[in-house]
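Take a look at the structure set out below.
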Amino acid sequence: MSTLREVLEKQVRDGSVPGAVGLVARGRHVDVAAAGSAGTDDSTPMARDSLFRIASVTKPVTAAAVMMLVEDGRIALDDPVAPWLPELAAPVVVRTPESPVDDVVPASRAITLLDLMTSRAGYGFPSDFSLPAVALLSGELKQGSPLQSGVLPPDAWMEALSRIPLLSQPGREWLYNTCSDILGVLIARVAGQPLPEFFAERIFAPLGMSDTGFAVPAEKLGRFTALYRPTADGGLELIDTPAGQWSGMPDFPSGAGGLVSTVDDLYAFARMLLDEGTAGGKRLLTSASVRQMTTDHLTPAQREASGLFTEGQGWGFGGSVDIDRTAPWNVPGRYGWVGGTGTTAHIVPATGTAAIMLSQVELTGPTPPRPMRDFWQYAADA
């Protein structure tokens, strides 16, 4: 059987990625390996402490932050969110998914926190990205891009969102991504402090996630990887340098995909979930909150409709939950998600396992690329 390092080195030799870092944990045994370099024109070797834009692997962190506020008694899952997000107090919905954005009807009910946590508030990406309401959402709010330049600050972002109709009635349909960004704004307003501060105080500091945040300080830029996009001729196009968009705090700290982290920091978060909300003898979340995060909340019809993103999977809070064993790594109950920058982090609560791989090549679509699948296969066999 190949070692983890050999799996990663093969990906580098194939030209799939300039480099990657992987971690597989079973119980308290942790295997970590790094291969390749931090960039195509960089002799800096990839290392265990290399920093990556983790993109949508941010979503479980955002969900955990919300559950902390729920446990604090500041908001409940069944609460309408309009008291904190007045921009969503009177949402309208396109008459049909194909309707123009000015052909709308009133929402049948208020949007609740549970709608946002399960990505069923009516905002987000369906399988068809060409629908008028989806095109407006993507264009106005920069949804779907792994980069963060040109995104409005939170209050202006919410004001712009309020002028975009929902694609479906609240609670009816799972739609990808946007709800996690809305949750990021909600956390800041409920907590009364900026999202980066709340994450740092309530999650990163208690877990020792000292390399995780929405920006990379100057003294750490030497460990920060470049970001690439595949080209039609099989090459890689540089789209962000270490001194680029994450070298300063963004105008919009994205709860859907804005964090930078390392494999060990993400393992600290994963370990907390595997230990039912505890870390270092301290409790960050109740075991009940962790179970809610890692349990599927979708109906069979909603799972089927979201198959482009979640084939054989449901959705918990901030991440997918495997339902069907469609591949060797799809163990029922496996929780986690992938990031559009080539990142992936999953846990299997029943077996106490965690699998995290970080690379720096943008995905070209919702289907996980071969490097991820090869890594998942290794983790399943380990």
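For reference, each letter of the sequence shown is one residue, going 14 to 395 in our numbering. Don't be surprised by glycine CBs; every beta carbon is placed ideally from N, CA and C. The model shown is predicted, which means the values in this text are computed figures rather than measured ones.
Q.
Rounding to the nearest angstrom, what Cα-Cα distance links Pro104 and Ala123 in this structure?
A. 8 Å
Q: Put Tyr280 into one of helix, strand or coil per three-state DSSP.
A: helix
Q. Roughly how many angstroms separate the alpha carbons of Ala76 and Gly270, rounded to a whole number?
A. Answer to the nearest angstrom: the Cα atoms are 12 Å apart.
Q. Roughly how far, in whole angstroms, is the beta-carbon of Ile369 from the beta-carbon of Ala256, given that I think they are within contact range, below 8 Å?
A. Not a contact, Cβ separation roughly 26 Å.
Q) What number of angstroms, rounded off, separates the C-alpha of Asp194 from the C-alpha of Gln258? A) In a straight line, the C-alpha of Asp194 is about 18 Å away from that of Gln258.
Q.
Looking at the secondary structure, which residues open and close the alpha helix (DSSP H) in which Asp194 lies?
A. For Asp194, the uninterrupted alpha helix (DSSP H) run begins and ends at 191–204, by DSSP.
Q) According to the Cβ coordinates, are Ala146 and Val107 closer than 8 Å? A) In contact: Ala146 and Val107 (Cβ atoms closer than 8 Å).
Q) What number of angstroms, rounded off, separates the C-alpha of Gly197 from the C-alpha of Gly352? A) 17 Å
Q) Thinking C-alpha only, which one of Thr71, Pro139, Val34 is nearest Met59? A) Val34
Q) Any idea which residues DSSP pairs Ser372 with across the strands? A) Ala33
Q.
Here's the rule: buried if 16 or more other CB atoms are within 10 angstroms of the residue's CB, otherwise exposed. What is Arg347?
A. buried
(Q) Less than 6 Å between C-beta atoms, sequence neighbours within five positions excluded: which residues of the same chain meet that for Phe319? (A) The sequence shown places Ser at residue 319, not Phe. Contacts found: Trp187.
Q: Spell out the partners DSSP gives Gln326 in its beta bridges.
A: Asp335.
Q: Put Arg236 into one of helix, strand or coil per three-state DSSP.
A: DSSP places Arg236 in helix when its eight states are reduced to three.
Q: Look up Ala358 in the DSSP assignment and give the residues it is bridged to.
A: Secondary-structure assignment with DSSP links Ala358 through a beta bridge to Trp350, Ile369.
Q.
Please return the same chain residues whose Cβ sits closer than 7 Å to the Cβ of Ala392, not counting the five positions on each side in sequence.
A. Val37, Trp342, Ala368
Q. Is it true that the CB of Val303 sits closer than 8 Å to the CB of Leu371?
A. Annotated as distal: Leu371 and Val303, with beta-carbon spacing of 8 Å or more.
Q) What do you get for His42, buried or exposed, if any count of 16 or more other CB atoms within 10 angstroms of its CB means buried? A) exposed
Q) Is the beta carbon of Gly349 sitting closer than 8 Å to the one on Ala358? A) Yes, the pair counts as a contact, with Cβ atoms nearer than the cut-off.
(Q) Nearest by alpha-carbon distance to Ala120: which of Ile177, Ala148, Asp85, Gly86 is it? (A) It is Ile177.
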